[in-house]
Amino acid sequence: MNMLRFLIRRILTGILVLWVVATGTFFLFFTAIPEQAVARNLAGRAASPDVLAQVSRFYGLDKPIPVQYWHFLRGLLGGNLGKSYYLQESVTTIIKQDLPPTISVVIGGVLLWLIAGLAVGILSATRARSLFDRFATVGVLAGVSAPTFVVGELLIISVFVELNRHGISWVQTGYTPVTQSVVGWAGTMILPWVTLAIVQAAVYTRLSRGSLLDTLGEDYIRTARSKGLSERRVLYRHALRSALTPVVSQLGIDVGALLGGVIVVEQVFGLQGLGQHTVNAISQGDLPVVIGFVILAAVFVVIANLIVDMSYAVLDPRVRIS
Amino acid sequence: MSITELEFQAKAVESAPEQAIEGRSQWNLTWRRLRADRVAVGSVGVILLVITFAIIAPLIASLTGHGVDQAFPATGLDVNGSPVAPGTHGFIIGTDDIGRDLLVRIAYGAQISLFVGIVTTAMATAAGVSIGLMAGYFGGVVDAVLARVIDAALAFPFIVLALALAAVFHPSLNIVIGVITFFSWAGISRIVRGQTLSLKEKEYIEAARSLGAGPWRIMFIDILPNLLGPVLVLATLYIPTAVTFEATLSFLGIGIPEPAPSWGNILGEAQSYYQIAWWYVVFPAAALLITTLAFNLLGDGIRDAMDPRTERIFAGSAAARKGRRRRGAAAAAEPAVSQGS
Amino acid sequence: MSDTSVQPFPTEESLGDDVLVRVDNLVKYFPVRGGGLIRRTVANVQAVDGVSLAIPRGKTLGLVGETGCGKSTLARCIAGLIPATSGKVYFEGKDITNLPRRAMQPYRREIQMIFQDPYGSLNPRRRVGAIIGEPYAIHKTATGAERKKAVQDLMARVGLNPEHFNRFPAEFSGGQRQRIGVARALALRPKLIICDEPVSALDVSIQAQVLNLLADLQADFGLSYLFIAHDLEVVRHVSDKVTVMYLGRIAETGPGNSIYDHSRHPYTAALLSAAPAADPDSAAARQRIILTGDVPSPIHPPSGCRFHPRCPKAQELCSQEEPALEPRAGDPASHLTACHFPVEAGEILARAGRRESR
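The listed protein sequences correspond, in order, to chains A, B and C.
So for the first sequence, the working numbering puts the first residue at -5; every next one is plus one.
So for the second sequence, the working numbering puts the first residue at 381; every next one is plus one.
So for the third sequence, the working numbering puts the first residue at 28; every next one is plus one.
Printed below as a string of structure tokens:
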């Protein structure tokens, strides 16, 4: 019962956040600059006067602000995010096209960094001060200092170029849909995943190592050991649960970082996902795409936070009560 | 009356070697430990080098005869119109895609990166400390509101904000500074708030209240000095975050606009040339990595000097829990921070 | 919050002294909040429950009781650090109860505090000179060289080397740190200093020094002290009047000699019997009164006389009716006891078996 109430509360908060973001977006894009500039932004940099007039009429830019706002909200709720005049397609279509690479990167990247981070962290904690631990320390330091895009570029230069030079063409830049060829898909994904994961894994390694070391020192772990449980049992049954809570809560905060990482990775590896497209849209002055991305990003953040909160509540029952 | 004690003290004073009766403050001890830490000292050296490099950028430009925006298609590009390698025609580390001297641009880029890093960190620290102090000390409604704001700011995907702002207003230095400051203050605030909440209960704070000290005096004269250590560590570790974030934004084209050079936007352009002009990627990347690494190591060193019990780099126990710091949106290159005190 | 145990404080005439501070039926409850969204108050910790007392000018009122009896809370209410739930505090006749900070400011010069923990009561990051000089800074009474001189004079006065004013608290011993605290409290020449267990955390050998210092200062500056402690012997040494508290109420109050020589309340008698006696012979002759049971919770205090569950003399009446604070067994008006069956002269309280109450 508590869980349900918790869930409902979180969902309501999420809806509120989405509404705030939508409103903020509206104000930024439609009211912060003069009407002509808005029209130009929406129509694309190369728009002719006819197109500009058309856009103005379509968006009702001459109407009073509250009317525009209402129009905007209605459109959002109906799933209509406007049309990219630059590309002559509706934004929703563009999004649908761009989503697969983005989703592939996100899911693969997160999984990889979590698994790598936790694995190395757990191993380091259980073998504290061993050689493994020392190597991991150095790795973490390196990982933690590097910006994502630099790592990506360096990986391209070292791995991709080198492999190609030696005739191995499995690893490619660009994107191959999974429907086309799974192997090809993996080949285009592997470097982006590693790039995304290296930097984050470093942080999560440190986090899980520290947290696990903490937990392992607690009295109730000592009790478990003294009961005769095997070390593995102690670890997985008792220690991990509470050691994971900081990791999960950090994940919640990292959702924002994840978005940034994805955008960068798409740019570096030419993945033509939503992130890259949005960045291009900015230089082309094609704002409907940007608006669509902003809203989508907000939805993603809210949902991701919801998932994280749920996991946290599962791990730590105290959260449900507060 | 403890005559004996006075006498005893007088004797102690007389027999002590001639030196100023100056207290060995916490800072004193920290400084000594820091000086002995070779890695930290090395980092300081590197940082000073980078700063020098940035300062003498105009000098480099005049010595090589290449301006920061000057393109030299004749000497700077080869027959195919590609950048020339290091050492050719007086271009010490080569040229970029339109024939500009890479060394000069990287030097000027250092100016921008350091400027952004330090200015944003300074502003974010000032804001973060003030807000954290207020939230922690006043408690009640003030804290309830501020804590929510801090949480929201921490989870906010700032890259999205940067994108949106750049889309509407066109990329500029001011946007970059604004966005980075906005994202940095929250992490500092949260830690300051936590520390303040616990320091608030100390007896000397109660003593200050009983003397009639007002809340502002207590916050800034009694509580803040106890926070300076962790705040210093945090600030030092936020500088590379800011630098990285700026580089990322510039890389994507929504940060520092051309033709002003930033390590990020140089790398953005270099993207298409990595196969034929490795120097175009390697040198700015190296500059970035060296700078961020140096600041990270220095921050670690300061933290360790303040509280030698903390493990270096791998923050064990309380440090990891306390030091959850918001990481840069795209760049994600920050270590967790320990509070240390 | 019952009124039955409250007696108006001793009148000025009976004391023959000028009264500096009057506390009138002070009550301080701390709410215990339940869980859930609204967090209503489900109970109250009755820390101080109807205490009245008077601190004479230039004299020391000793306040004794076990941990948790409310003496520290009472002190902080008087000092204005905690708002009182009800009741009044008068300073030189003026009502200073729950004054807002600005209005309270001038009184802060007159009422100062010395704290128990020599290590916690001084800011470790500030130099001693700054700590002692803080009152001057806050109330803007002296700056620069003038302040420095005043600080150094204070340091000399409390027995510290004035040359050390640039040092940090960490470089001083516990006793010296208490002296720093005393110097700080003395800076603005207050009229009242509330000493919250000032020597409890110090070595016994140092305690005497600090107590002597306090006595000297009282003589020189005409200070009044509210001296809080749990050690009766210490209180005896310094106090003119003694008040014994139990679980938020006053059990007994009166001139020091009366309390020690003719204590009426069983609780007081028990406390006295527990105090170590210096003379081994009298220690052997003395019979310990052993109280059974723990101190009850201040959230649900016992009915009637709060001490009755542990009292060797308790009877039916004690659990039903609160005893009023008044002179008993022929005591003068200055010696008040809240007990239905006070200890008579010559009576020795035997150790008794205990029955459960409530």
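Note that the Cβ used here is the ideal one computed from N, Cα and C, for glycine as well.
Interface partners of residue i on chain A, CB under 8 Å
{"i": "B/I539", "result": "G250, L253, G254, I257"}
{"i": "B/I557", "result": "Residues of chain A passing the Cβ test: none, with the nearest at roughly 18 Å."}
{"i": "B/G633", "result": "V273, I276, S277"}
{"i": "B/Y654", "result": "E147, I150, I151, V155"}
{"i": "B/T561", "result": "Residues of chain A passing the Cβ test: none, with the nearest at roughly 16 Å."}
Closer than 8 Å to chain B by CB, residue i
{"i": "C/M272", "result": "no"}
{"i": "A/N(-4)", "result": "no"}
{"i": "C/Q234", "result": "no"}
{"i": "C/M182", "result": "no"}
{"i": "A/A191", "result": "no"}
{"i": "C/R60", "result": "no"}
{"i": "C/Q139", "result": "yes"}
{"i": "C/A106", "result": "yes"}
{"i": "C/Q132", "result": "yes"}
{"i": "C/L128", "result": "According to the sequence shown, residue 128 of chain C is Arg rather than Leu. Yes, because at least one Cβ of chain B sits closer than 8 Å to the Cβ of C/R128."}
{"i": "A/T17", "result": "no"}
{"i": "A/Q261", "result": "yes"}
{"i": "A/F23", "result": "yes"}
CB contact check: residue i to chain C, cutoff 8 Å
{"i": "B/D723", "result": "Residue numbering for chain B in the displayed model covers 381 to 721; residue 723 of chain B lies beyond these limits and cannot be assessed."}
{"i": "B/G425", "result": "no"}
{"i": "B/R597", "result": "yes"}
{"i": "B/A587", "result": "yes"}
Partners in chain B for residue i, counting only beta-carbon separations shorter than 7 Å
{"i": "C/Y147", "result": "Inspection of the sequence shows that residue 147 of chain C is occupied by Gly rather than by Tyr. Those are K582, E583, Y584, listed as they occur along chain B."}
{"i": "A/A291", "result": "P537, V540"}
Short CB-CB distance (under 8 Å) between residue i and chain A
{"i": "B/I693", "result": "Only weak support exists for where B/I693 lies, its pLDDT of 41 falling under 50; the value from the coordinates is given anyway. Yes, contact with chain A."}
{"i": "B/Y488", "result": "no"}
{"i": "B/A665", "result": "yes"}
{"i": "B/T624", "result": "yes"}
{"i": "B/A700", "result": "Model confidence at B/A700 stands at a pLDDT of 37, short of 50, so the residue's coordinates are unreliable; what they give is reported in the following sentence. Answer yes: the Cβ-Cβ gap between B/A700 and chain A drops below 8 Å somewhere."}
{"i": "B/T500", "result": "no"}
{"i": "B/V661", "result": "yes"}
{"i": "B/W338", "result": "The question about residue 338 of chain B has no answer, for chain B in this structure spans 381 to 721."}
Neighbour list for residue i in chain B, Cβ cutoff strictly below 8 Å
{"i": "C/D144", "result": "E583"}
{"i": "C/R135", "result": "S590, L591, G592"}
{"i": "A/I215", "result": "Here the premise fails: no neighbours, minimum Cβ distance about 14 Å."}
{"i": "A/V246", "result": "The identity of residue 246 of chain A in the sequence shown is Gly, whereas the question assumes Val. The answer, in chain order, is A535."}
Residues that residue i contacts on chain B, provided the C-beta gap is smaller than 9 Å
{"i": "A/V295", "result": "A535, F536, P537, V540"}
{"i": "A/A26", "result": "V548, F549"}
{"i": "A/I89", "result": "The premise fails here: A/I89 is roughly 15 Å from chain B at the closest Cβ pair, so nothing lies under 9 Å."}
Contact list for residue i against chain C, beta-carbon separation under 7 Å
{"i": "B/P605", "result": "R152, R153"}
Chain-ordered neighbours of residue i on chain A, where CB pairs are closer than 9 Å
{"i": "B/W407", "result": "Within chain A, no residue comes near B/W407; the closest Cβ sits about 27 Å away, beyond 9 Å."}
Quick one, which residues of the stretch 137 to 150 of chain A are near chain B if we go by CB-CB under 7 Å, in chain order? Per Cβ criterion, the list reads V138, S139, A140, P141, T142, F143, V144, E147, L148, I150.
Quick test of the definition: if touching needs 3 or more C-beta pairs under 8 Å, does the stretch 221 to 236 of chain C touch the stretch 251 to 262 of chain C? Judged by Cβ distances under 8 Å, the stretch 221 to 236 of chain C makes contact with the stretch 251 to 262 of chain C, as three or more pairs qualify.
Can you pull out the residues from the stretch 156 to 169 of chain C whose beta carbon lies closer than 7 Å to at least one beta carbon of chain B? Here the close residues are E161, P162, I165, H166.
Does the structure place the stretch 634 to 641 of chain B close enough to the stretch 543 to 553 of chain B that three or more beta carbon pairs sit under 8 Å? When Cβ pairs closer than 8 Å are counted between the two stretches, the stretch 543 to 553 of chain B is seen to touch the stretch 634 to 641 of chain B, the count reaching three or more.
Run through the stretch 229 to 262 of chain C for me and flag every whole alpha helix (DSSP H) of 4 or more residues, listed as ranges in chain order. The stretch 229 to 262 of chain C contains, as complete alpha helix (DSSP H) runs of 4+ residues, the segments 231 to 248 (chain order).
Considering only residues of the stretch 119 to 188 of chain A, which uninterrupted alpha helix (DSSP H) runs meet the minimum length of 4 residues and lie entirely inside it, listed in chain order? Within the stretch 119 to 188 of chain A, the complete alpha helix (DSSP H) runs of at least 4 residues are 125 to 139, 142 to 149, 156 to 159.
Give me the subset of the stretch 672 to 684 of chain B whose CB atoms are less than 7 Å from a CB atom of chain A, sorted by chain position. Flagged, chain order: T672, L673, N676.
Pairs of beta-carbons, one from the stretch 568 to 578 of chain B and one from the stretch 635 to 652 of chain B, closer than 8 Å: are there three or more? Judged by Cβ distances under 8 Å, the stretch 568 to 578 of chain B makes no contact with the stretch 635 to 652 of chain B, as fewer than three pairs qualify.
Does the stretch 110 to 121 of chain C come close enough to the stretch 43 to 60 of chain C that 3 or more CB-CB pairs lie under 8 Å? Yes, the stretch 43 to 60 of chain C is in contact with the stretch 110 to 121 of chain C.
4-residue-minimum alpha helix (DSSP H) runs that sit fully inside the stretch 431 to 513 of chain B, ordered along the chain: Counting whole runs of 4 or more residues, the stretch 431 to 513 of chain B contains the alpha helix (DSSP H) stretches 437 to 444, 453 to 456.
Inter-stretch contact at 8 Å, needing at least 3 Cβ pairs: the stretch 484 to 496 of chain B / the stretch 641 to 650 of chain B: Yes, the stretch 484 to 496 of chain B is in contact with the stretch 641 to 650 of chain B.
Would you say the stretch 270 to 280 of chain C touches the stretch 81 to 97 of chain C, given that touching needs at least three Cβ pairs under 8 Å? As far as the Cβ criterion goes, the stretch 270 to 280 of chain C touches the stretch 81 to 97 of chain C, which means the pair count is three or higher.
Per the contact definition of three or more C-beta pairs closer than 8 Å, is the stretch 57 to 67 of chain A in contact with the stretch 154 to 167 of chain A? Not touching, per the Cβ criterion.
Segments assigned beta strand (DSSP E), at least 3 residues, entirely inside the stretch 89 to 156 of chain C: DSSP runs (the beta strand (DSSP E)) wholly in the stretch 89 to 156 of chain C: 113 to 118, 138 to 141.
Are the stretch 117 to 134 of chain C and the stretch 183 to 203 of chain C in contact at 8 Å, needing three or more beta carbon pairs? The stretch 117 to 134 of chain C and the stretch 183 to 203 of chain C do not touch, with fewer than 3 CB-CB distances between them shorter than 8 Å.
Check whether the stretch 435 to 446 of chain B touches the stretch 496 to 515 of chain B, taking contact to mean three or more Cβ pairs, one atom from each stretch, closer than 8 Å. Touching, no, given that fewer than three Cβ pairs across the two stretches are closer than 8 Å.
Whole alpha helix (DSSP H) runs in the stretch 519 to 560 of chain B with 4 or more residues, listed along the chain? As summarised for the stretch 519 to 560 of chain B, the continuous alpha helix (DSSP H) elements at least 4 residues long and confined to that stretch are 520 to 535, 538 to 549, given in chain order.
Of all the residues that make up the stretch 210 to 239 of chain A, which are near chain B by a beta-carbon distance shorter than 9 Å? For the stretch 210 to 239 of chain A, the residues whose beta carbon sits under 9 Å from a beta carbon of chain B are, in order, G211.
Does the contact criterion of 3 or more C-beta pairs under 8 Å hold for the stretch 138 to 151 of chain A versus the stretch 669 to 680 of chain B? When C-beta atoms of the stretch 138 to 151 of chain A are compared with those of the stretch 669 to 680 of chain B, three or more pairs fall below 8 Å, so the two segments count as touching.
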